[in-house]
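S.K.:
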Amino acid sequence: MKPTTFLKTAALAVALAIPFASAVHADEQFFPLQSYRVGPYAAGGTGFFGGFIDYINLVNTRDGGINGVKLTYEEGETQYEVEKGVEVYERLKTKPNIATWTPLSVGIAYALIDRVTTDKVPLTTINHGRTDSTDGRVFPYIFPLLLNPYSETSGIVNYIATKSGGLEKLKGKKIVVLYHGSPYGKETIPIYELLAQKYGFTVQQIEVSHPGNEQQSQWLTIRRTKPDYVVLRGWGVMNPVALKTAQKTGFPADKIIGNVWSNSEEDVTPAGDAAKGYVAITTQASGVEYPVVQEITKVLYDQGKGNLDDKKRIGSVYHNLGIVNGILNVEAIRIAQEKFGKRTLTGDEVRWGFEHLQLSRERVKELGAEDLFHSIHVTWDNHEGNGYVKFQQWDGKKWTPVSDWIAPEWALLRPIIEKSSEAYAKEKGIKIRTEAEVDVINQSTAAQ
Amino acid sequence: MDTVTVRKAPGHWPWIAPLLVLATAYGVIPFIGTSYLFEAILTPFLALSLAGLGLNILTGYAGQLSLGSAAFLAVGAFGAFNFNLRVQGLPLIVSIVLAGISAALIGIVFGLPSLRLKGFYLAISTLAAQFFVQWALTKFGWFSNNSPSGVIDAPPLTIFGISFEGAVGRYLFALTIVTIFTLFAWRFVNTRTGHHFIAVRDNELAAKVIGIPVLRTKLLAFAISSFIIGVAGVLWAFAYLRTVETGGFNLDRSFQIVFIIIIGGLATIRGSFFGAALIVIFPLILSRLGQLFLGDIFNSGVLEMSQRIVLGALIILFLIVEPNGLVSLWDRLRKKPLRLSRIKTIN
Amino acid sequence: MDGFDWIFFSEVLIGGLLAGVMYSLVAIGFVLIYKTSGVFNFAQGAMVLFAALTFVSLVERGISFPLALIATFAVMILLGLAIERTVLRPLVNKPPITLFMATLGLSYILEGGAQLLWGTQVHALDLGIEDTPLEISGMLISKFDLIAAGISAGMVALLSIFFRYTRTGLAFRAVADDTFAAIAVGLRLPRIWGAVWAAAGLVAIVAGLIWGARLGVQFSLSLVVLKALPVLVLGGFDSIPGVIVGGLIIGALEKLAEVYIGPYFGGGIESWFAYVIALAFLLARPVGLFGQRPVERA
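Residue numbers (our numbering), protein chains in the order written: chain A, 14 to 461; chain B, 4 to 350; chain C, 19 to 316.
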């Protein structure tokens with residue numbers, strides 16, 4: 014028996030009773046990753062966490078960390094299940110120097126809201142998550158970065174407006190929203206209704222029951238309605254089936270607009286030719302031409318150190334989203350280091366960093382990500398950070414951008430978000446935070 | 004097989020072992036456990052044990068197989084949330100009881116096919132409950148207080164002015180409720196009605212002949228079982244996850260509960276606890292082992308898939324080697340300690 | 019009824035019937051195994067996934083279509099025999115629920131194995147059938163669905179011939195009718211079971227390819243069993259004609275309900291409505307679709 018094996022056996026005996034008797038390393042920042050590489054959503058999980066890990070490794074290899082602070086990570090498989098996510102949280106939270114939690118699952122994020130707030134460590138839900146957690150006054154530790162579901166809705170409607178020749182041209186248009194029969198799918202129903210009222214288009218929202226492998230009746234209904242556009246708010250297998258059934262019922266793919274969880278290669282390739290012409294929203298472009306993706310290819314994949322098993326997936330939608338998530342995390346820490354010193358930060362200090370995460374287009378360009386994503390401007394009370402969206406069209410092989418960066422109507426949505434978050438605060442008895450409290454750094458219970 | 008001895012706890016004082024377990028659970032564990040132990044192991048273990056107990060009454064004692072347990076967990080969780088939210092000043096304990104009653108009522112409705120169907124036909128038709136409840140709770144925003152994403156947060160746990168907050172508090176809360184229901188179940192299966200359940204399971208026709216109201220007995224089994232599972236749902240949502248989301252009450256959860264009673268032992272009270280312990284802890288041990296020995300070589304996905312294979316294989320192996328469940332294994336080990344020591348001396 | 023759109027109605031009905039055939043296709047796999055060995059094989063969905071994933075991975079590695087099909091078939095036969103040897107034989111004479119749980123364990127192994135072997139990527143599967151709608155007197159009908167229904171019908175016919183006219187097929191039926199008598203006349207159960215699992219593997223390939231072409235080959239493929247279960251309740255676990263007719267009824271009623279009743283509930287009722295159809299039918303006519311089966315089967 015090798016001595017390491019022996020040590021590991023000994024460690025295991027302790028491990029189950031006391032999670033981790035951990036040594037404290039100086040100048041490290043730890044990312045606990047609640048990833049999923051198995052199960053129905055594995056394609057998204059491997060791409061996203063692959064990109065995130067690749068960027069972490071790039072920063073370590075190229076720059077030696079953030080100002081000398083090394084980045085470390087550990088994965089815990091959740092299979093997208095809430096209780097597995099909680100188990101991983103409880104297991105990894107005893108590790109020192111935690112920067113951020115990244116579950117990439119709305120359900121897990123919800124279960125962790127109370128926990129991270131108690132433990133004072135930020136949790137990011139890029140492009141998804143609880144919409145009203147945008148309100149940093151009520152949710153100090155939750156960051157639905159770049160795009161929350163309401164902004165996504167507004168972005169899609171604005172795109173349809175652009176295609177039709179202006180917002181006033183929306184009047185009289187007919188839009189069908191085909192949504193997944195889950196809380197995620199239903200979340201935007203009131204926003205579509207609201208925007209329909211405001212702009213005078215009619216909207217019909219049709220549910221597809223989980224998992225969505227049969228959509229014949231829905232698409233026949235759509236065919237009868239003859240809408241101008243169909244918005245696909247899908248999830249997993251529902252997306253390719255929607256595209257195939259659309260073709261089967263003679264609805265043109267270029268009139269279907271996918272939301273942010275219907276926009277990956279994995280959503281369209283199974284549909285084959287039926288997906289040609291399909292348009293989808295995105296916050297980050299796909300493709301390998303961006304300097305940061307190039308560097309990841311050169312520094313990691315060419316040395317055999319990349320995280321993705323399949324090199325063809327470099328630059329795919331999920332991979333690039335993971336990279337953007339990596340950039341946002343790293344920059345938040347860098348910004349926080351400017352204030353608190355170039356050392357390991359506590360979770361609450363990283364929270365401060367996120368609340369000052371403002372990357373202009375110039376800064377994004379410096380980071381080698383120009384046009385990979387637009388920009389972000391997180392403030393203490395706006396945890397989304399006003400991300401811009403772009404639309405991309407599938408040509409059968411790859412996504413090509415078909416629009417400029419489009420801004421959702423944040424001002425229109427803000428009052429709805431505040432109403433919801435204030436109701437939450439009332440229900441939970443949370444005191445609404447003021448700007449003065451932002452700079453108060455609490456000692457985290459989890460960090461050392 | 005000597006079923007009689009299996010069911011009777013060994014020794015002169017059958018109280019001793021459970022009391023010792025309880026004393027440890029109340030008197031020792033709260034002082035030595037870590038937050039991981041409470042939050043990730045003990046609380047889900049308690050909630051699932053209770054769910055197993057509920058299903059065991061239906062399947063183990065009354066012989067009606069149900070694959071829709073997760074639906075009743077969901078009814079309990081959402082029920083308690085709504086009673087607590089909508090009726091001002093209602094004590095939490097009353098909300099929980101009302102949630103159990105809601106689950107029992109739904110259980111009776113979905114138990115109706117049992118009057119005509121048996122075996123797998125019944126099992127598959129209980130899936131109607133599984134899908135219908137999940138659909139209804141997602142569909143009608145009222146159930147989740149119109150929360151935009153359909154996910155609701157658990158209220159603080161306070162009973163008779165005692166607040167059960169924090170990891171240990173929630174553990175004690177769950178422990179107390181599970182203890183009460185275990186006592187109830189233990190008493191119940193030895194009552195006349197409890198014996199009726201067994202009679203219906205073993206021979207329905209004979210039961211009818213000796214005058215047992217078979218239909219009523221079956222529906223009562225569904226009601227009691229669903230009540231207990233509903234309360235387990237409250238524990239799952241309020242004490243363990245602290246949020247309630249319909250997605251978590253899926254078919255896999257139902258199967259998990261069936262696994263618990265099959266692996267633990269049908270028609271035994273202890274079986275549910277043994278089964279739940281195995282189902283909760285075993286995958287964790289597997290994943291720790293994998294992480295520890297192979298974590299450097301493979302990514303978490305490969306490990307997880309290997310664990311799935313190992314878990315599946317072990318379940319099959321277990322069913323082959325010990326079809327009567329952990330309980331009978333346990334009793335054999337206790338009855339024949341000699342055999343073990345003999346093996347040791349031979350070695 | 020005035021203004022009732024009959025063309026639309028027929029379109030939904032035909033779409034539903036064609037979908038129903040696809041449900042039956044999955045359900046047949048269950049029936050084969052249940053009929054001969056009394057095992058409710060929940061791993062059928064995992065077998066569908068395993069077969070489709072194996073096939074598509076072989077094709078992607080440059081193996082020709084027919085060769086990949088043969089190879090996959092060989093794999094499924096081996097798998098069937100292995101399952102019989104390692105799972106069923108040791109569990110013989112155990113209660114049905116134990117066997118059912120064992121097949122759940124089996125589905126873990128198959129799902130894990132398939133993904134470990136071939137990865138968790140989503141694959142496209144192109145069977146070379148162009149999926150453009152045909153227009154027949156104002157109704158759009160999917161060519162792909164028609165062909166898929168044709169294939170399913172062909173398979174049912176093949177299975178029926180097999181059961182009626184071949185020695186092995188007759189042996190299957192003998193075992194199904196009276197296990198003890200079958201043993202008494204010298205039929206070897208393990209061999210028959212092995213053969214029947216291999217046959218279920220073949221059904222899994224066909225179902226996997228057709229469903230895989232519709233959904234893409236990915237984990238969710240194993241969820242198609244959920245569509246097959248109400249069909250089984252309605253048609254009977256042990257009747258091939260039963261599940262065919264059951265599939266047609268459920269497919270048609272489910273689609274019609276989604277279109278005409280669904281809107282009153284806000285839609286999305288498909289997930290549970292099929293069960294309601296099956297239950298309502300059984301409560302009204304407890305002998306089931308084809309009369310010969312006692313529903314009160316323990």
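We put the CB at the ideal spot given by N, CA and C, even for glycine.
Select from the region 14-46 of chain B all residues with a C-beta closer than 8 Å to any C-beta belonging to chain A, and list them in chain order.
M.R.: Answer set for the region 14-46 of chain B: THR37, SER38, TYR39, LEU40, GLU42, ALA43.
S.K.: Which word fits ALA302/C, buried or exposed, when buried means at least 16 other C-beta atoms lie within 10 angstroms of its C-beta?
M.R.: As a working note, residue 302/C is residue 284 in the third sequence. By the neighbour-count rule (16 or more Cβ atoms within 10 Å), ALA302/C is not buried but exposed.
S.K.: So, for PHE200/B: in the same chain, excluding its five sequence neighbours on each side, which residues have a beta-carbon less than 6 Å away from its beta-carbon?
M.R.: Residue mapping note: residue 200/B aligns to position 197 of the second sequence, counting from 1. Hits under 6 Å: TYR64, ALA65, ALA224.
S.K.: Give me the subset of the region 301-327 of chain B whose CB atoms are less than 9 Å from a CB atom of chain A, sorted by chain position.
M.R.: Of all residues in the region 301-327 of chain B, ASN302, SER303, GLY304, VAL305, LEU306, GLU307, MET308, GLN310, ARG311 have a Cβ within less than 9 Å of some Cβ in chain A.
S.K.: Does LYS410/A come out as helix, strand or coil in the three-state DSSP assignment?
M.R.: Sequence index remark: in the first sequence, residue 410/A carries index 397 (1-based). It is coil, neither helix nor strand.
S.K.: Which bits of chain B does ALA92/C rub up against, with CB to CB less than 7 Å?
M.R.: Taking the first residue of the third sequence as 1, we reach residue 92/C at position 74. Those do not exist, as ALA92/C stays about 21 Å from chain B at its closest Cβ, beyond 7 Å.
S.K.: Considering only residues of the same chain and omitting the five flanking positions on each side of GLY156/C, which have a CB-CB separation below 7 Å?
M.R.: Counting from 1 along the third sequence, the entry for residue 156/C is found at position 138. So the qualifying residues of the chain are ILE25.
S.K.: How about GLY78/A: is its C-beta nearer than 7 Å to some C-beta of chain B?
M.R.: Locating residue 78/A in the first sequence gives position 65, where the first residue counts as 1. False, the Cβ-Cβ gap to chain B never drops below 7 Å.
S.K.: Along the chain, where does the beta strand (DSSP E) containing ILE188/A start, and where does it finish?
M.R.: Indexing the first sequence from 1 puts residue 188/A at position 175. First-last of the beta strand (DSSP E) with ILE188/A: 187-193.
S.K.: Counting C-beta neighbours from all protein chains within 10 Å, is the total for GLN310/B 16 or more, i.e. buried, or is it exposed?
M.R.: On the second sequence, residue 310/B is found 307 positions in, with the first residue counted as 1. Buried.
S.K.: Check whether the Cβ of PHE123/B lies closer than 7 Å to any Cβ atom in chain C.
M.R.: As a first step, residue 123/B is located in the second sequence; it is residue number 120 there, counting from the start. Yes, because at least one Cβ of chain C sits closer than 7 Å to the Cβ of PHE123/B.
S.K.: On the criterion of 16 or more Cβ atoms from any shown chain inside 10 Å, does LYS324/A qualify as buried, or is it exposed?
M.R.: Translated into the one-based positions of the first sequence, residue 324/A becomes position 311. Exposed is the call here.
S.K.: Helix, strand or coil for LYS321/C? Go by DSSP, reduced to three states.
M.R.: Because chain C is modelled from 19 through 316, residue 321/C falls outside the range shown and cannot be assessed.
S.K.: Where does the unbroken beta strand (DSSP E) through PHE44/A begin, and where does it stop?
M.R.: Your numbering for residue 44/A matches position 31 in the first sequence. First-last of the beta strand (DSSP E) with PHE44/A: 41-48.
S.K.: Can you pull the chain B residues whose beta carbon is under 9 Å from the beta carbon of VAL243/C, in chain order?
M.R.: Walking along the third sequence from the start, residue 243/C turns up at place 225. By Cβ distance, chain B contributes nothing, its closest Cβ being about 10 Å from VAL243/C, past 9 Å.
S.K.: Hey, is LYS53/C's beta-carbon within less than 7 Å of any beta-carbon in chain A?
M.R.: The count along the third sequence starts at 1 and reaches residue 53/C at position 35. Judged by the 7 Å Cβ criterion, LYS53/C is not in contact with chain A.
S.K.: Where GLY185/A and VAL170/A are concerned, what is the direct C-alpha to C-alpha distance, given to the nearest angstrom?
M.R.: Residue mapping note: residue 185/A aligns to position 172 of the first sequence, counting from 1. Residue mapping note: residue 170/A aligns to position 157 of the first sequence, counting from 1. Cα to Cα, GLY185/A sits roughly 14 Å from VAL170/A.
S.K.: Give the secondary structure of VAL453/A by DSSP, where H, G and I count as helix, E and B as strand, and everything else as coil.
M.R.: Taking the first residue of the first sequence as position 1, residue 453/A is located at position 440. Here VAL453/A sits in coil by DSSP.
S.K.: Ignoring anything shorter than 4 residues or poking outside the region 186-254 of chain A, list the alpha helix (DSSP H) runs there in chain order.
M.R.: Complete alpha helix (DSSP H) runs here, min 4: 196-199, 202-212, 229-238.
S.K.: Note down, in chain order, each residue of its chain lying with its Cβ closer than 8 Å to the Cβ of LEU207/A, except the 5 sequence neighbours on either side.
M.R.: As a position in the first sequence, residue 207/A is number 194, starting the count at 1. Answer for LEU207/A: ILE429, listed in chain order.
S.K.: Pairing CB atoms from the region 275-283 of chain B with CB atoms from the region 106-126 of chain B, are three or more of them under 8 Å?
M.R.: With a cut-off of 8 Å, the region 106-126 of chain B and the region 275-283 of chain B do not count as touching, because too few Cβ pairs lie within range.
S.K.: For THR196/A, return the contacting residues in chain B, with the cut-off set at a CB-CB distance below 9 Å.
M.R.: For the purposes of this step, residue 196/A is taken as the residue at position 183 of the first sequence. It should be noted that the sequence gives Pro, not Thr, for residue 196/A. Neighbours of PRO196/A on chain B, chain order: THR141, SER147, SER150, PRO151, SER152, GLY153, VAL154, GLU248, THR249, GLY250.
S.K.: Short check: CB of ALA69/C to CB of THR54/C, under 7 Å?
M.R.: For the purposes of this step, residue 69/C is taken as the residue at position 51 of the third sequence. For the purposes of this step, residue 54/C is taken as the residue at position 36 of the third sequence. Taking 7 Å as the Cβ cut-off, ALA69/C and THR54/C do not qualify as a contacting pair.
S.K.: Could you pull out every unbroken beta strand (DSSP E) segment of at least 3 residues lying fully inside the region 74-161 of chain A, listed in chain order?
M.R.: Runs of the beta strand (DSSP E) inside the region 74-161 of chain A: 83-90.
S.K.: Which residues in chain B have a C-beta closer than 8 Å to the C-beta of GLY89/A? List them in chain order.
M.R.: In the first sequence, counting from the first residue as 1, residue 89/A sits at position 76. Within 8 Å Cβ-Cβ: SER303.
S.K.: Candidates GLU344/A, ALA382/A, SER373/A: which alpha carbon is nearest PHE367/A's?
M.R.: For the purposes of this step, residue 367/A is identified with residue 354 of the first sequence, where counting begins at 1. Here the closest residue by C-alpha is GLU344/A.
S.K.: Rounded to whole angstroms, what's the CA-CA distance from ALA202/B to LEU96/C? Just pull it up for me.
M.R.: Taking the second sequence and counting its residues from 1, the one referred to as residue 202/B is at position 199. Taking the third sequence and counting its residues from 1, the one referred to as residue 96/C is at position 78. Roughly 44 Å separates the two Cα atoms.
S.K.: Thinking C-alpha only, which one of ALA188/B, PRO158/B, LEU269/B, VAL237/B is nearest ARG89/B?
M.R.: The residue you call residue 89/B lines up with position 86 of the second sequence. Taking only the C-alpha atoms, the option nearest ARG89/B is PRO158/B.
S.K.: Would you kindly work out how many angstroms separate the C-alpha atoms of ILE169/C and ILE312/B, rounded to a whole number?
M.R.: If you number the third sequence from 1, residue 169/C lands on position 151. If you number the second sequence from 1, residue 312/B lands on position 309. About 33 Å.
S.K.: In the DSSP assignment, find the beta strand (DSSP E) that holds ALA293/A and state where it starts and stops.
M.R.: To locate residue 293/A, count along the first sequence from 1; it is residue 280. Its beta strand (DSSP E) spans residues 292-295.
S.K.: Pair every Cβ in the region 336-354 of chain A with every Cβ in the region 118-131 of chain A, then say whether three or more of these pairs are closer than 8 Å.
M.R.: Cβ pair count under 8 Å is below three, so no.
S.K.: Any beta carbon of chain D sitting closer than 7 Å to that of PRO108/C?
M.R.: Among the protein chains of the structure shown, namely A, B and C, there is no chain D.
S.K.: Can the beta-carbon of GLY265/C be found less than 7 Å from the beta-carbon of GLY38/C?
M.R.: Residue numbering aside, residue 265/C sits at position 247 when the third sequence is read from its first letter. Residue numbering aside, residue 38/C sits at position 20 when the third sequence is read from its first letter. For GLY265/C and GLY38/C, yes; Cβs fall inside 7 Å.
S.K.: Can the beta-carbon of GLY230/C be found closer than 7 Å to that of LEU300/C?
M.R.: One-based indexing of the third sequence puts residue 230/C at position 212. One-based indexing of the third sequence puts residue 300/C at position 282. Not a contact, by the Cβ cut-off of 7 Å.
S.K.: Since THR186/C meets chain A, which of its residues come closer than 9 Å, beta carbon to beta carbon?
M.R.: Counting from 1 along the third sequence, the entry for residue 186/C is found at position 168. What THR186/C touches in chain A: nothing, since even the nearest Cβ is about 34 Å away.
S.K.: At which residues does the beta strand (DSSP E) containing GLU307/B begin and terminate?
M.R.: On the second sequence, position 304 is the one that residue 307/B refers to. That residue, GLU307/B, is in no beta strand (DSSP E); its alpha helix (DSSP H) goes 303-324.
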